[in-house]
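The C-terminal residue of the sequence shown carries number 277 in UniProt numbering, and the numbering is unbroken. Every residue gets a Cβ at the ideal spot worked out from N, C-alpha and C, and that includes glycine.
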Amino acid sequence: MAHGESHSTERLCTATATMLQLHCFLLCALCYGTLAMPRPANNDDMTPEEMDFAQEYLKKFYPATNKGRNDFSERLAAMQKFFRMKVTGKLDRDTMGIMKAPRCGMPDVAEFTTFNGRPRWQKTSITYRILNYTPDLPVRVVDDSIMRALNVWSQVTPLRFSRVNSGNADILIQFTARSHGDQNSFDGPNGVLAHAYSPGSGIGGDAHFDEDERWSNNQAGFNLFLVAAHEFGHSLGLGHSDDRQALMFPTYRFVNNFRLSQDDINGIQSLYGRRQK
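And the structure:
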């Protein structure tokens, strides 16, 4: 592990309270789903492996709620509605295609909605620290990509970001793979690209990037700037949007001339207000 490992481990050990806020509902929902959601009947000539994949996908990204039966077809219908597909509650090739698209590791919600309880930083000066680097890119390119990704949000809010090179920071940034101590393991190449936690103490605000991916500063592999800008939206308190043009849409899409959508702007300004001219 790179030089930030010991600091990251110490930070994770202090994260119990924040994990309850950020992740306990999700993890409990997944455990409930394992017991409550029987293996579905085959849909549209899907293989058993594809059916298992779909079931795990829905448990992770569409966790059970306190209402209704939360079975496979209901969660699948919720996913189809989120992605603005024809809602059938049945698994087909188009739905499977979306499930297999590279994406963020956080659950899906609607429009520019924020996390439960609307967590936000209670200050406008936010610090960040890069704990380690991917070997895919030069250090200066990673530094620049991270800085530009944070600036996406500071350009439309009063937020200001400053980097620290040691000690504590509001947002810790780490490249890691598979199991990495936060009960939210990565899955290898493609699939989940990264995840980040909503504002708070401990692990709150931290962003983790899957080192099994190929990171780039262009359209090859996965563009670090674009993925980081999305994840920092989570670090600031935004959830996923169902607007396909939004940065906070859950699946990855490369764009040459990036501009923050109005949906993203509405979401972040609902938390922090507008940037003062």
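key: Anticipated Cβ contact below 8 Å, aspartate 94 with tyrosine 62, distance rounded   = Walking along the sequence shown from the start, residue 94 turns up at place 94. Walking along the sequence shown from the start, residue 62 turns up at place 62. In fact, because the Cβ distance is near 17 Å, the residues do not count as touching under 8 Å.
ask   = From this set, Phe209, Phe82, Arg178 and Thr47, which residue's C-alpha is nearest glutamate 231's C-alpha?
value = In the sequence shown, residue 231 corresponds to position 231, counting from 1. It is Phe209 whose Cα lies nearest to the Cα of glutamate 231.
request  = Could you tell me whether the region 143-157 touches the region 230-244, using the rule of 3 or more Cβ pairs below 8 Å?
outcome  = yes
task = Kindly identify the DSSP beta-bridge partner or partners of phenylalanine 225.
result = The residue given as residue 225 occupies position 225 in the sequence shown. Looking at the DSSP assignment, phenylalanine 225 forms no beta bridge with any residue, so it has no partner.
query = Who does glutamine 219 pair with in a DSSP beta bridge?
reply = The count along the sequence shown starts at 1 and reaches residue 219 at position 219. Paired residue(s): none; glutamine 219 is not in a bridge.
ask   = Looking only at DSSP bridge pairs, what is aspartate 210 linked to?
value = Against the sequence shown, residue 210 aligns to sequence position 210. Paired residues: Thr176.
Glycine 221 to arginine 75 span [Cα, whole Å] = As a first step, residue 221 must be located in the sequence shown, where it is residue number 221. As a first step, residue 75 must be located in the sequence shown, where it is residue number 75. When rounded, the distance between both Cα atoms is 30 Å.
ask   = Of the choices Asp212, Ser166 and Ser235, whose alpha-carbon is the least far from that of glycine 204?
value = By one-based count along the sequence shown, residue 204 stands at place 204. Of the candidates Asp212, Ser166 and Ser235, the one whose C-alpha sits nearest the C-alpha of glycine 204 is Ser235.
task = Spell out a yes or no on whether the region 157-167 and the region 259-273 are touching, meaning 3 or more CB-CB pairs, one atom from each, closer than 8 Å.
result = yes
Sheet register partners of tyrosine 128 (DSSP bridge) = To locate residue 128, count along the sequence shown from 1; it is residue 128. In DSSP, tyrosine 128 forms a bridge with Arg163 and Ile171.
Alpha-carbon spacing of serine 73 relative to tryptophan 121, whole angstroms = Locating residue 73 in the sequence shown gives position 73, where the first residue counts as 1. Locating residue 121 in the sequence shown gives position 121, where the first residue counts as 1. About 37 Å.
ask   = For serine 145, is the classification buried or exposed, using 16 other Cβ atoms within 10 angstroms of its Cβ as the cut-off for buried?
value = Walking along the sequence shown from the start, residue 145 turns up at place 145. So serine 145 counts as buried.
message = Based on DSSP bridge pairs, tell me the residues matched to arginine 103.
response = Taking the sequence shown and counting its residues from 1, the one referred to as residue 103 is at position 103. For arginine 103, which the question treats as bridged, DSSP gives the partners Val192 and Thr251.
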